[in-house]
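Inspection log for the structure reproduced underneath, given as structure tokens.
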Amino acid sequence: MKVDYPTLAATIASLTEGETDEVALMATVACEVHHSDDRFDWTGFYRVVGPELLKIGPYQGGHGCLVIPFSRGVCGAAARTGEVQLVPDVEAFPGHIACSSSTRSEIVLPVFGKGGRLIGVFDIDSDLPAAFTEEDSDGLSTILDSVFGGL
Ligand code: SME
1170 MKVDYPTLAA
1180 TIASLTEGET
1190 DEVALMATVA
1200 CEVHHSDDRF
1210 DWTGFYRVVG
1220 PELLKIGPYQ
1230 GGHGCLVIPF
1240 SRGVCGAAAR
1250 TGEVQLVPDV
1260 EAFPGHIACS
1270 SSTRSEIVLP
1280 VFGKGGRLIG
1290 VFDIDSDLPA
1300 AFTEEDSDGL
1310 STILDSVFGG
1320 L
């Protein structure tokens, strides 16, 4: 099963309509995205909770690390740079944090609220090598922007 981003975006829009609570929105997005595609083995959010500090948010899959400083890992790089991190081979990424030894590739997107406020990052890990493409980056960015962009 492979995700159809327009359908996924429409489902998420109807489920989250009128909701403004960040955790409720993250939980719904993590669930819907995770179950939309067989490539996605861990799907979830890390929230900005302090200066240069991320903590785990709603997710689907096995347990994730609880705390990630901006200086570490792929999630930290997305938070630090504000740019999408497409990592085809996690072993080639300096400082990658391995929470599951089966993870081979990942994508991490920054999540912005109103006025470019950094709310957190959205991380999807796959057990397949080079699982993610620009199509994922574009489709997920559109969804994140429409759900969180006004908060
Ligand atoms: N993808 C991460 C860590 C994995 S999680 O804790 C699920 C990173 O290196 O930032």
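Under the numbering used here, residues 1170 to 1320 are what the sequence shown spells out, in order.
The beta-carbon is built from N, C-alpha and C at its ideal position, and this holds for glycine as well.
Please read these numbers as outputs of a predicted model, since none were measured by experiment.
Just the Cα atoms here: how many angstroms apart are alanine 1246 and serine 1240? 7 Å
What whole-angstrom Cβ distance do alanine 1300 and arginine 1208 have, given they're in contact under 8 Å? 5 Å
Pull up the distance between the alpha-carbon of serine 1295 and that of threonine 1212, whole angstroms please. 9 Å
Can you give me the start and stop residues for the alpha helix (DSSP H) that valine 1192 sits inside? 1191-1203
Need the endpoints of the alpha helix (DSSP H) that arginine 1249 sits in, please. According to the DSSP assignment, arginine 1249 belongs to the alpha helix (DSSP H) that extends over 1242-1250.
8 Å contact criterion, which valine 1316 and leucine 1194 should meet: CB distance rounded: 5 Å
Mind checking whether alanine 1199 and proline 1227 have CB atoms under 8 Å apart? yes
Within this structure, are the beta carbons of isoleucine 1312 and isoleucine 1181 separated by less than 8 Å? yes
For a test of your reading of the model: does the CB of glycine 1251 fall under 7 Å from any non-hydrogen atom of the ligand SME? Yes or no. no
If you measure between the beta carbons of leucine 1320 and glycine 1282, is that distance less than 8 Å? yes
Per the DSSP calculation, isoleucine 1266 is bridged to which residue(s)? DSSP output for isoleucine 1266 lists no bridge partner at all.
Ends of the beta strand (DSSP E) at valine 1259? Valine 1259 -> no beta strand (DSSP E), and no H or E assigned at all.
Going by the CB atoms, is the gap between serine 1274 and proline 1257 shorter than 8 Å? Against a cut-off of 8 Å, the Cβ pair of serine 1274 and proline 1257 comes out as a contact.
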